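Undergrad: Residue numbers (this note's numbering): 405 to 937.
C-beta: ideal position from N, C-alpha, C; glycine also.
Quick caveat: nothing in here was measured; it's all calculated off a predicted structure.
Can you keep this structure in mind? I'll have questions shortly.
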Amino acid sequence: MNANEREAMHEFTFIHVHSRPRLFACIRGLRLTALTAGLALLLLSPMAPRRLEAAATPGAAPARALGQGVSPGESPPGRGGAPASSGESEAEQYFKQAEQMVGTGEENSDRQIALLQKALELNPDLVAAEFNLGIIYSRLQEAEKAQARFNRILERAPAGSSIRVKTLYLSALNLKALGRTSEAKDQVQQVLAANPRHADALALLAGFHLEEGKIPEAKALLEQAVEIDSAIPEAFYSLSYIAQKNGQSAEALKYYEKFVQLVPNNAAAQLNMAILLAGADRMEEAGRYAQMAVRLDPVNADAWMELGKIQMLSNRQADAENSFRRSLSLRSKWSEAHRILVTMYLGANKLGEAEAILQEAEKSNPNEAEVYSLTGELATRTGDTLRALKSYGRAHELNPAAGTAFDFAMAYARSGMDPLAEEYLHRALKLQGNFCEAWLNLGIVEDRQKKEAEAISAYQEAEKCGVREAGLWYRMGLLYARTQETEKAFGYLKRAVDADPPRWKAVLREALKAVTSDLDSIRYQPEFQKLIE
Numbered sequence: 405m406n407a408n409e410r411e412a413m414h415e416f417t418f419i420h421v422h423s424r425p426r427l428f429a430c431i432r433g434l435r436l437t438a439l440t441a442g443l444a445l446l447l448l449s450p451m452a453p454r455r456l457e458a459a460a461t462p463g464a465a466p467a468r469a470l471g472q473g474v475s476p477g478e479s480p481p482g483r484g485g486a487p488a489s490s491g492e493s494e495a496e497q498y499f500k501q502a503e504q505m506v507g508t509g510e511e512n513s514d515r516q517i518a519l520l521q522k523a524l525e526l527n528p529d530l531v532a533a534e535f536n537l538g539i540i541y542s543r544l545q546e547a548e549k550a551q552a553r554f555n556r557i558l559e560r561a562p563a564g565s566s567i568r569v570k571t572l573y574l575s576a577l578n579l580k581a582l583g584r585t586s587e588a589k590d591q592v593q594q595v596l597a598a599n600p601r602h603a604d605a606l607a608l609l610a611g612f613h614l615e616e617g618k619i620p621e622a623k624a625l626l627e628q629a630v631e632i633d634s635a636i637p638e639a640f641y642s643l644s645y646i647a648q649k650n651g652q653s654a655e656a657l658k659y660y661e662k663f664v665q666l667v668p669n670n671a672a673a674q675l676n677m678a679i680l681l682a683g684a685d686r687m688e689e690a691g692r693y694a695q696m697a698v699r700l701d702p703v704n705a706d707a708w709m710e711l712g713k714i715q716m717l718s719n720r721q722a723d724a725e726n727s728f729r730r731s732l733s734l735r736s737k738w739s740e741a742h743r744i745l746v747t748m749y750l751g752a753n754k755l756g757e758a759e760a761i762l763q764e765a766e767k768s769n770p771n772e773a774e775v776y777s778l779t780g781e782l783a784t785r786t787g788d789t790l791r792a793l794k795s796y797g798r799a800h801e802l803n804p805a806a807g808t809a810f811d812f813a814m815a816y817a818r819s820g821m822d823p824l825a826e827e828y829l830h831r832a833l834k835l836q837g838n839f840c841e842a843w844l845n846l847g848i849v850e851d852r853q854k855k856e857a858e859a860i861s862a863y864q865e866a867e868k869c870g871v872r873e874a875g876l877w878y879r880m881g882l883l884y885a886r887t888q889e890t891e892k893a894f895g896y897l898k899r900a901v902d903a904d905p906p907r908w909k910a911v912l913r914e915a916l917k918a919v920t921s922d923l924d925s926i927r928y929q930p931e932f933q934k935l936i937e
C-alpha cells in the first residue's frame, strides 16, 4: 500500500465514522410516539360501575351504581307496583348476599352470579338483579351474556323510565365492545333524547365521532360532558388525545393531569403523564410520575424502560442503567431497552458489559437482526474482523435492508475486500437510492480499485444527495487531478482547504511525499502552490 492509498484509507475511516447515523435514535421522539399510541389504544375505554344496583325494596333508598341507581318508588317493569310477596322477599335476600360481595375477593365471582340468578328465579321481575348480572358479564368481557340481560330489561322497561335510560347507556357500551357500532350509536342517541345532559352518553358519542375522524364534533361533545360532570376520566383522556393530535402539548398536559387526578392508581396513566411532562422538558416532575408508575406496576418492562429514558435525559446515567436493566430482567425479548443500554455501553467504551447483554440477547432472540448489527459494531471496536463480518452478514440475512447491506459492505471495506464492499454498497443503493453515505463510500471503494469513471459518478451522486464534507471534496480533487481535469481538481481541493485550512493543507503536503502521487499533474502549478502555502 503506497502513501496515497494509506491516506485514502485514513479518509475512508473519517468519512464513515462522522457521517453515518447512529443506531441510538432521538429518545424524545420515540417517547412522544409511544404516548400517542397509548392514548389511541385506551381511547374512551368505559369504566364499569363500581358497585351493584340495589334491590328495589319498598321504603329503602337504593344504593347507586356509579350514578345509575333505580329511583326510589320506581316499580319493576311488568308488575304495576304490586306489593311484595314472600317469594320476592326471599329473592331480595339472595340479592343482598350478592351485594355484600362488592369490594371483596368474590366480586364478579361465579358465586355472586349464582346468587343473582337465584334471585331472578324467585322473582323474574327483580330488575336490579338482571341489571347487575349484565354489569358483571360486561366486566368479565362476556359481552353476549351481558347483552342478553340488557335486552330483557329493554324489552319490558317503559319508555322514558330511568331504568330504561340507564340500561340503554350500558347496552350501548356493550354493543360497542361487540363491534355492533350502528346499534350502539342508535342507543346512545336514545339516551341523549331522553336526557340531553347525560354526561357519560355525551362522552360515548364523542368516542364514535373520534373513530370516524370527526375531531371538532368530538371535542365539542367532550367539553360539554366535562362541564356537566367534571369526574369523567375518559372524557379528559380523550380531550388530551385530541390536543396531542392537534399539536397542543400544553392543553394535552392540562387535560391529562385531570385524568390522572381521577385515576391516581393507574400505572399507565402515571406513565403517560411522565411522558407528557418530559415532552415539555419538565424532567423532575416527569421522573416523579415515572417512579409512581413503576411502584404501581413493578413488573411492567415498558414502564422501567420509559423511566430509564427520562433518567437518561436528566443526566442520571447510573439510575438510567439500573432502570434499563430492570426492564431487561422482566422481558428477555429484544427491545428498545436492550438497544439503548448496549449503545450506552459502546459509547462509554464498556465493551464487556455490552458483550454480556448481546450474548444473552442472541440466546433469547436468535432471529433478531439488530442483535447481530450491534454485535458487528462491538466486534469492529475490538478488532475482531471475522466476527464483525459474520455478524453483519447474519444481520443482512435476517433483514435484507439498505442499512444492513451498508454495514456488511463497510465490514468488507475495512478488511480490504473492496470488490465485495462494492457489491453490497450497490445492494444498499438498489434498496434505497438516496442513501447518501452509501454513494460516498461506494466512490471510495471504486476509487481504491482505480475505477475512476465509476468513482466520479458515485461522488457526484453523493454531492447531489446533499453530502457537504471536506473529505468528499478532497477525494474528488485528487481524482480529477489523476485524470488531469485540472480546473475541476483545483475547484474541489480549494473547497476542502477552505473548510479547514490547517488540516487539509497538511494532508495535501503529505500526499506530495509519495513517489507517485495523484497530485503530480498539478503539483508545480502556481495555483496549487498558493493553495498549500
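Leaving out five residues before and five after Phe728 in sequence, what residues of the same chain have Cβ atoms less than 7 Å from its Cβ?
TA: Within the sequence shown, residue 728 is the residue found at index 324, counting from 1. Answer for Phe728: Met709, Gly712, Ala741, Ile744, Leu745, listed in chain order.
Undergrad: Between the C-alpha atoms of Phe810 and Arg899, what's the straight-line distance to the nearest angstrom?
TA: Here the question's residue 810 lines up with position 406 in the sequence shown. Here the question's residue 899 lines up with position 495 in the sequence shown. Approximately 28 Å, taken between the alpha carbons.
Undergrad: Going by DSSP in three states, Glu873 sits in which element: helix, strand or coil?
TA: As a first step, residue 873 is located in the sequence shown; it is residue number 469 there, counting from the start. DSSP places Glu873 in coil when its eight states are reduced to three.
Undergrad: Considering Lys662, what are the terminal residues of the alpha helix (DSSP H) in which it resides?
TA: The residue you call residue 662 lines up with position 258 of the sequence shown. 653 to 666 is the span of the alpha helix (DSSP H), which, as asked, contains Lys662.
Undergrad: Who are the near neighbours of Gln545 in its chain, counting only those whose CB is closer than 6 Å to its CB and skipping five residues on each side?
TA: Start at 1 with the first residue of the sequence shown, and residue 545 comes out as number 141. None.
Undergrad: At the 9 Å Cβ level, is Asn512 part of the contact set with chain B, yes or no?
TA: The question asks about chain B, but that chain is absent: this structure has only one protein chain.
Undergrad: Identify, in the order they occur along the chain, each residue of the same chain with its Cβ nearer than 7 Å to the Cβ of Ala656, setting aside the five sequence neighbours on each side.
TA: Numbered from its first residue, the sequence shown carries residue 656 at position 252. Excluding sequence neighbours, Ala656 sits near Ser644, Ala647, Gln648, Leu680.
Undergrad: Going by other Cβ atoms of all chains shown within 10 Å of its Cβ, with 16 needed for buried, is Glu534 buried or exposed?
TA: Your numbering for residue 534 matches position 130 in the sequence shown. Looking at its Cβ environment, which holds 16 or more other Cβ atoms inside 10 Å, Glu534 is buried.
Undergrad: Would you list, in sequence order, the uninterrupted alpha helix (DSSP H) runs of no fewer than 4 residues that lie entirely inside the segment 566 to 593?
TA: As far as the segment 566 to 593 is concerned, its whole alpha helix (DSSP H) runs of at least 4 residues are 566 to 581.
Undergrad: State buried or exposed for Leu519, treating a residue as buried only when at least 16 other CB atoms are found within 10 Å of its CB.
TA: What you label residue 519 is simply residue 115 of the sequence shown in a count that begins at 1. Buried, since its Cβ has 16 or more Cβ neighbours within 10 Å.
Undergrad: Beta carbon of Ser575, beta carbon of Phe554: below 9 Å?
TA: Counted from its first residue, the sequence shown places residue 575 at position 171. Counted from its first residue, the sequence shown places residue 554 at position 150. Going by C-beta atoms, Ser575 is nearer than 9 Å to Phe554.
Undergrad: Whose CA, out of Met505, Gly611, Glu559, lies closest to the CA of Leu577?
TA: Residue numbering aside, residue 577 sits at position 173 when the sequence shown is read from its first letter. The option with the nearest alpha carbon to Leu577 is Gly611.
Undergrad: Roughly how many angstroms separate the alpha carbons of Glu616 and Asn650, rounded to a whole number?
TA: Against the sequence shown, residue 616 aligns to sequence position 212. Against the sequence shown, residue 650 aligns to sequence position 246. Distance between the alpha carbons of Glu616 and Asn650: 16 Å.
Undergrad: Hey, Val595 and Leu572: beta-carbon distance below 9 Å or not?
TA: Here residue 595 is taken as the residue at index 191 of the sequence shown, counted from 1. Here residue 572 is taken as the residue at index 168 of the sequence shown, counted from 1. Against a cut-off of 9 Å, the Cβ pair of Leu572 and Val595 comes out as a contact.
Undergrad: Between the Cα of Ala773 and the Cα atoms of Leu833, Tyr896, Lys737, Asn527, which residue gives the shortest distance?
TA: As a first step, residue 773 must be located in the sequence shown, where it is residue number 369. Selected option, being the one with the closest Cα: Lys737.
Undergrad: With 16 as the cutoff for other CB atoms within 10 Å, does Gln516 come out buried or exposed?
TA: As a first step, residue 516 is located in the sequence shown; it is residue number 112 there, counting from the start. Answer is buried; the Cβ neighbour count reaches 16.
Undergrad: Taking all protein chains shown into account, decide if Val703 is buried (16 or more other Cβ within 10 angstroms of its Cβ) or exposed.
TA: In the sequence shown, residue 703 corresponds to position 299, counting from 1. Result: exposed.
Undergrad: Quick check: what's the CA-CA separation for Tyr659 versus Ala581?
TA: For the purposes of this step, residue 659 is taken as residue 255 along the sequence shown, with counting starting at 1. For the purposes of this step, residue 581 is taken as residue 177 along the sequence shown, with counting starting at 1. Rounded to whole angstroms, Tyr659 to Ala581 spans 25 Å at the Cα level.
Undergrad: Taking the beta carbon of Lys854 as the centre, do at least 16 other beta carbons fall within 10 Å, making it buried, or is it exposed?
TA: The count along the sequence shown starts at 1 and reaches residue 854 at position 450. That one is exposed.
Undergrad: Between which residues of its own chain and Gln836 is the CB-CB distance below 6 Å, once the five residues before and five after are set aside?
TA: Counting from 1 along the sequence shown, the entry for residue 836 is found at position 432. Closer than 6 Å at the Cβ level, and outside the excluded window around Gln836, lie Ala806.
Undergrad: Does the distance from the C-beta atom of Ala817 to that of Val775 stay below 9 Å?
TA: Counting from 1 along the sequence shown, the entry for residue 817 is found at position 413. Counting from 1 along the sequence shown, the entry for residue 775 is found at position 371. No, Cβ-Cβ distance for Ala817 and Val775 is not below 9 Å.
Undergrad: Between which two residues does the alpha helix (DSSP H) harbouring Pro702 extend?
TA: In the sequence shown, counting from the first residue as 1, residue 702 sits at position 298. From DSSP, Pro702 is part of no alpha helix (DSSP H); its letter is neither H nor E.
Undergrad: Hey, could you find the ends of the alpha helix (DSSP H) Lys522 is sitting in?
TA: Numbered from its first residue, the sequence shown carries residue 522 at position 118. 514 to 526 is the span of the alpha helix (DSSP H), which, as asked, contains Lys522.
Undergrad: DSSP three-state label for Ser819, please.
TA: Within the sequence shown, the letter at position 415 stands for residue 819. It is coil, neither helix nor strand.
Undergrad: Suppose contacts are defined by Cβ-Cβ distances below 9 Å. Is Gly881 in contact with Ala893 by that definition?
TA: Along the sequence shown, read from residue 1 onward, the residue named residue 881 stands at position 477. Along the sequence shown, read from residue 1 onward, the residue named residue 893 stands at position 489. Going by C-beta atoms, Gly881 is nearer than 9 Å to Ala893.
Undergrad: Closer than 7 Å by C-beta to Ile860: which residues in its own chain qualify, once you throw out the five before and the five after it? Chain order, please.
TA: What you label residue 860 is simply residue 456 of the sequence shown in a count that begins at 1. Answer for Ile860: Leu883, listed in chain order.
Undergrad: To the nearest angstrom, how far is the alpha carbon of Ala639 from that of Ala607?
TA: The residue given as residue 639 occupies position 235 in the sequence shown. The residue given as residue 607 occupies position 203 in the sequence shown. Taking the straight line joining both Cα atoms gives about 6 Å.
Undergrad: Taking the continuous alpha helix (DSSP H) assigned at Ser739, which residues delimit it?
TA: Numbered from 1 along the sequence shown, position 335 holds the residue referred to as residue 739. Careful: Ser739 lies outside any alpha helix (DSSP H) and carries neither H nor E.
Undergrad: Is it right to say Ser642 is buried, meaning 16 or more other beta carbons lie within 10 angstroms of its own, or is it exposed?
TA: Looking up residue 642 in the sequence shown gives position 238. Buried, since its Cβ has 16 or more Cβ neighbours within 10 Å.
Undergrad: I want to know whether the segment 618 to 626 touches the segment 588 to 603 - three or more CB-CB distances under 8 Å.
TA: No, the segment 618 to 626 is not in contact with the segment 588 to 603.
Undergrad: Just the Cα atoms here: how many angstroms apart are Ile564 and Ile557?
TA: If you number the sequence shown from 1, residue 564 lands on position 160. If you number the sequence shown from 1, residue 557 lands on position 153. Here residue 564 is Gly; the residue named in the question, Ile, does not match the sequence. Going from the Cα of Gly564 to the Cα of Ile557 covers about 13 Å.
Undergrad: DSSP state of Leu445, grouped into three classes?
TA: By one-based count along the sequence shown, residue 445 stands at place 41. The predicted model places Leu445 with a pLDDT of 29, which falls under 50 and marks its position as unreliable, so this point remains unresolved.
Undergrad: Could you give the uninterrupted runs of the alpha helix (DSSP H) lying entirely in the segment 733 to 803, keeping only those of 4 residues or more?
TA: Fully enclosed alpha helix (DSSP H) runs of 4 or longer: 740 to 751, 755 to 768, 773 to 786, 789 to 802.
Undergrad: When you compare only the Cα positions, how much space is there between Ala765 and Arg735?
TA: Translated into the one-based positions of the sequence shown, residue 765 becomes position 361. Translated into the one-based positions of the sequence shown, residue 735 becomes position 331. Taking the straight line from one Cα to the other gives about 11 Å.
Undergrad: If we ignore side chains and look at the alpha-carbon of each, how far apart do Ala654 and Asn676 end up?
TA: Along the sequence shown, one-based indexing puts residue 654 at 250. Along the sequence shown, one-based indexing puts residue 676 at 272. Roughly 14 Å between the two C-alpha positions.
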